[in-house]
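Presented below is the structure to which this report refers.
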Amino acid sequence: MRYSQTLIPTTREVPSDAEIPSHQLMIRAGLIRKIASGMYAYLPAGMKSLRKIEEIVREEMNRAGGCETLMPSVHPRELWVQTGRDEDYGDTMARFQDRHGRWNVLSPTAEEVYAYIGSNEISSYKQLPINMYQISFKFRDEFRPRFGVLRSREFLMKDGYSYHASPECLHKTYMQMYEAYKQIFERCGVPYVILEAEAGEMGGSGSHQFTVPCESGEDVIVYTEDGSYAANIEKAAIDPAEAVDEKITDAPEEVHTPNAGSIEAVCEMLGTKPEQMIKTLIHSDREGRIIIAVVRGDHELNEEKLSQLLGGEKTEMASEEQIKEFTGASVGFAGPQGLCEKAHQVFIDYSAAAMSGGAAGANKDDFHVKNIVPGRDFPLESENVQTADIRNAVEGDTHNGKKLLFRKGIEVGQVFKLGTKYSTKLECEFLDENGKRKPCLMGCYGIGLNRIMASAIETNYDESGIKWPISIAPFEAVIVPIGKKDEAEAGERLYSELKDMGVDVLLDDRNARPGVKLNDADLLGVPVRITVGRKSLAEGNVEMKLRSESENSLIKLEEAAGKTA
Ligand code: ATP
Ligand code: MG
Ligand code: MG
Ligand code: MG
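What follows is the structure, given as structure tokens:
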């Protein structure tokens, strides 16, 4: 590709919403441009990298026995109503009516459609297993799109679905996909850890998450130093403690809750209305100290229960005066958020949140706040968060006698054993050896291509720009002729030679200052840079520099192509 004929608009300007390095660098290197909140255009260099990732994913899927398919991105809403996910997905899923008044959705994922295909095409155990995938755009109206393409509203996902007659067969394919995912991340040059995960709104019986450890991640990884335990925080929240009530009963004197923003923000995240779903008991104890309990509207937690939680101590509903004094608000109160920080004791019934829809989180009632991610929505250091799980834990606490460590990470992929959740509801069934009708066991396997790209940058950059792993770099090499005559000519020749050898090369034939070209080459992060300068060319040499190294080396012009390739 010739720089003069493409569009790689490098810039120094970083928009204020670009908070993390990968987002800033993708804009600065001219890979992407924002069209609207959470919607990005991929320009030529960005697209090349995305395509390389896509090709690696496709190759590994095919190698592991997946068959490529393509589903429409608009689905009949009816399918989603049948599985109950029309409700579960809440506002994250976009819906629209067509000209005939029929309701459709913009696919955020595709379990329903694949189960529907299975319901029509699968009849006998003899057809199973089947393993299909697609690479297509997904739309999710994320509550808070951010970090550029890491959490965007439209993104490219590889989603795979498998159908089985037995759990053993499902497990086998699940593990093949698990291994294929490892291959994909290795080949893309992205560091990753594998975590036990909760199935979220996918439902089902088992799940693993592939996560890139890095500071800008929105997920929290909980692990032990010896590696014997690693889970995402959502799973960790469920694993060790099965009894919320028990734990809450021995609440310590000082409890403290996460501050996830205003009550409106929390409700919006939960897809609820404050007056409907969240009941807040503001009580005071004998010493006039404020006790707050936040519960689901229809939950049993009442004065009696609260008193039980307090070990029999009686409380009274706080008076208007007390609330006023406590909140500093003249009218009513602003909701539990913020207040909880000041309260003497706080009880949060997380089922309030777990019951309602949302875009992330565990699928088990009473154990988890959907869509609220500790560390992202409130600081992890809030030591006194009173929940019945190891989210209470802080760095250094122990789990099964081993030290717990926390790290942030970016979820890049997730595999699920769905079981029969979708096949039962959509009648994706087969006849077994005895002629008995059974729902297929299903697995599903998702990976975010844009996220791989951003995480590759997030984990490979320096002050001059991106340092691409060569496998997914927009270009493998860039030729920078410095000078218009012989240098340009030698550059042209080298360009043809490299192209003939199959090297993906960019020729910077712009009429620009040398400094600009060299800076852009570094910013764009091309792994091999060949500079054709007057002095060295006079001696028959060019300068070769690897982006990963700081030193140049002089090589003979005739050998440059061979050495690069
Ligand atoms: P998150 O927890 O970050 O919201 P998710 O668990 O909702 O992600 P999945 O439903 O498991 O995502 O989708 C599979 C993959 O799609 C994810 O592992 C991720 O790589 C990618 N993905 C999901 N949401 C987005 C998004 N908003 N922008 C870019 N990629 C996404
Ligand atoms: Mg999500
Ligand atoms: Mg997730
Ligand atoms: Mg996920």
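Just so you know, we're using the working numbering here: the sequence shown kicks off at 42 and counts up by one. Beta carbons are placed, not taken as given, at the ideal position from N, Cα and C, and that holds for glycine.
Threshold first: 3 residues or longer. Then list the beta strand (DSSP E) segments lying entirely within the segment 488-558, N to C.
Within the segment 488-558, the complete beta strand (DSSP E) runs of at least 3 residues are 518-522, 546-548.
Three or more C-beta pairs closer than 8 angstroms, one from the segment 197-208 and one from the segment 470-483: is that the case here?
Look at the beta carbons and you see the segment 197-208 touching the segment 470-483: at least three pairs across the two are nearer than 8 angstroms.
Suppose you measure from the CA of Leu-445 to the CA of Asp-127; what does that come to, to the nearest Å?
Here residue 445 corresponds to residue number 404 of the sequence shown, with the count starting at 1. Here residue 127 corresponds to residue number 86 of the sequence shown, with the count starting at 1. In this structure, the alpha-carbon of Leu-445 lies about 38 angstroms from that of Asp-127.
Output the distance between the C-alpha atoms of Tyr-270 and Val-253, rounded to the nearest integer angstrom.
Looking up residue 270 in the sequence shown gives position 229. Looking up residue 253 in the sequence shown gives position 212. Each residue's Cα considered, the two are about 17 angstroms apart.
What are the residues that DSSP puts in a beta bridge with Lys-179?
Locating residue 179 in the sequence shown gives position 138, counting from the first residue. For Lys-179, which the question treats as bridged, DSSP gives the partners Phe-196.
Check whether the Cβ atoms of Val-649 and Thr-605 lie closer than 8 angstroms to each other.
This structure gives no information on residue 649, because the portion of the chain shown stretches from 42 to 606.
Short CB-CB distance (under 8 angstroms) between Glu-162 and chain D
Judged by its chain identifiers, the structure shown contains no chain D, having just a single protein chain.
Can we count Glu-452 as close to ligand 3, meaning its CB is less than 7 angstroms from some heavy atom?
Your numbering for residue 452 matches position 411 in the sequence shown. Result yes, Cβ under 7 angstroms from ligand 3.
Can you give me the Cβ contacts of Asp-280 inside the same chain, cut-off strictly under 6 angstroms, excluding the 5 residues immediately before and after it?
Counting from one through the sequence shown, the residue named residue 280 turns up at place 239. Note that Asp-280 has pLDDT 39, beneath the 50 cutoff, so the model's placement of it is unreliable and the number below is only indicative. For Asp-280, where only same-chain residues beyond five positions count, there are no Cβ hits under 6 angstroms.
From what residue to what residue does the beta strand (DSSP E) around Ile-73 run?
Counting from 1 along the sequence shown, the entry for residue 73 is found at position 32. In the DSSP assignment, Ile-73 falls within the beta strand (DSSP E) that extends over 73-77.
Which residue marks the beginning of the alpha helix (DSSP H) containing Phe-471, and which one marks its end?
Your numbering for residue 471 matches position 430 in the sequence shown. Run containing Phe-471: none in the alpha helix (DSSP H); it sits in the beta strand (DSSP E), 470-472.
For Arg-448, I'd like the list of residues in its chain whose CB is within less than 7 angstroms of its CB, leaving aside the five on either flank, ordered along the chain.
The residue given as residue 448 occupies position 407 in the sequence shown. Setting aside the 5 residues that flank it on each side, Arg-448 is surrounded in the same chain by Pro-254, Ile-262, each with a C-beta closer than 7 angstroms to its C-beta; the list follows chain order.
Among the residues of its own chain, which have a CB less than 8 angstroms from the CB of Cys-229, if the five just before and after it don't count?
The sequence position of residue 229 within the sequence shown is 188, counting from 1. Cβ within range, chain order: Ile-94, Ile-97, Ile-493, Ala-497, Pro-510, Ser-512, Ile-513.
Report buried or exposed for Thr-52, applying the criterion of at least 16 other Cβ atoms within 10 angstroms of its Cβ.
Start at 1 with the first residue of the sequence shown, and residue 52 comes out as number 11. Exposed is the call here.
At a cut-off of 7 angstroms, would you count Thr-500 as near ligand 1, judging by its Cβ distance to the nearest heavy atom?
The residue given as residue 500 occupies position 459 in the sequence shown. Result no, Cβ not under 7 angstroms from ligand 1.
Given this structure, state the Cα-to-Cα distance separating Tyr-222 from Arg-104, to the nearest angstrom.
Stepping through the sequence shown from its first residue, residue 222 is reached at position 181. Stepping through the sequence shown from its first residue, residue 104 is reached at position 63. As the crow flies, the alpha-carbon of Tyr-222 is around 11 angstroms from that of Arg-104.
Kindly indicate the opening and closing residues of the alpha helix (DSSP H) around Lys-93.
For this step, residue 93 is matched to residue 52 along the sequence shown. 85-104 is the span of the alpha helix (DSSP H), which, as asked, contains Lys-93.
Can you find the residues in the same chain that come closer than 6 angstroms, C-beta to C-beta, to Gly-454, ignoring five residues on each side of it along the sequence?
Taking the sequence shown and counting its residues from 1, one reaches residue 454 at position 413. So the qualifying residues of the chain are Tyr-222, Phe-251, Ile-488.
With distances taken Cα to Cα, identify the nearest neighbour of Asn-582 among Asn-593, Leu-169, Val-122.
In the sequence shown, counting from the first residue as 1, residue 582 sits at position 541. The shortest C-alpha separation from Asn-582 is found at Asn-593.
Within 10 Å of its beta-carbon, does Ile-451 have 16 or more other beta-carbons around it, so buried, or fewer, so exposed?
The residue you call residue 451 lines up with position 410 of the sequence shown. By the beta-carbon neighbour count (other beta carbons within 10 angstroms, threshold 16), Ile-451 is buried.
Output the boundary residues of the alpha helix (DSSP H) element that contains Asp-127.
The sequence position of residue 127 within the sequence shown is 86, counting from 1. Here the alpha helix (DSSP H) through Asp-127 covers 126-129.
Contact check, Ser-591 vs Glu-584, beta carbons under 8 angstroms
Walking along the sequence shown from the start, residue 591 turns up at place 550. Walking along the sequence shown from the start, residue 584 turns up at place 543. Between Ser-591 and Glu-584, the C-beta gap is not smaller than 8 angstroms, which leaves the two residues out of contact.
Excluding sequence positions up to five away, which residues of its chain have a Cβ less than 8 angstroms from the Cβ of His-249?
Taking the sequence shown and counting its residues from 1, one reaches residue 249 at position 208. Once the five neighbours on either side are set aside, the close Cβ partners of His-249 are Tyr-219, Ile-235, Leu-236, Glu-237, Ala-238, Gln-455, Val-456.
Quick one: is the Cβ of Gln-455 within less than 7 angstroms of any heavy atom of ligand 4?
The count along the sequence shown starts at 1 and reaches residue 455 at position 414. Yes, Cβ of Gln-455 sits closer than 7 angstroms to a heavy atom of ligand 4.
Would you check whether ligand 1 has a heavy atom nearer than 7 angstroms to the C-beta of Arg-187?
Stepping through the sequence shown from its first residue, residue 187 is reached at position 146. Arg-187 Cβ: outside cutoff for every heavy atom of ligand 1.
Cα-Cα, which of Lys-179, Arg-194, Pro-117 is closest to Arg-650?
The chain is shown from 42 up to 606; residue 650 falls before or after that span and cannot be answered.
For Pro-568, count the other beta carbons within 10 Å of its own beta carbon; 16 or more makes it buried, fewer makes it exposed. Which is it?
Position 527 of the sequence shown, counting from 1, holds the residue named residue 568. By the neighbour-count criterion, in which 16 or more other beta carbons inside 10 Å mark a residue as buried, Pro-568 falls on the buried side.
Judging by CA-CA distance, which residue of Pro-208, Glu-209, Arg-181, Thr-214 is the nearest neighbour of Met-198?
For this step, residue 198 is matched to residue 157 along the sequence shown. Minimum Cα-Cα distance from Met-198 among the listed residues Pro-208, Glu-209, Arg-181, Thr-214 corresponds to Arg-181.
Between Gln-250 and ligand 4, is the CB less than 7 angstroms from at least one heavy atom?
Start at 1 with the first residue of the sequence shown, and residue 250 comes out as number 209. Result yes, Cβ under 7 angstroms from ligand 4.
Less than 8 angstroms between the CB atoms is what I'm expecting for Pro-149 and Lys-179, so what's the real figure, rounded?
For this step, residue 149 is matched to residue 108 along the sequence shown. For this step, residue 179 is matched to residue 138 along the sequence shown. Contact flag correct, Cβ pair sits at about 6 angstroms.
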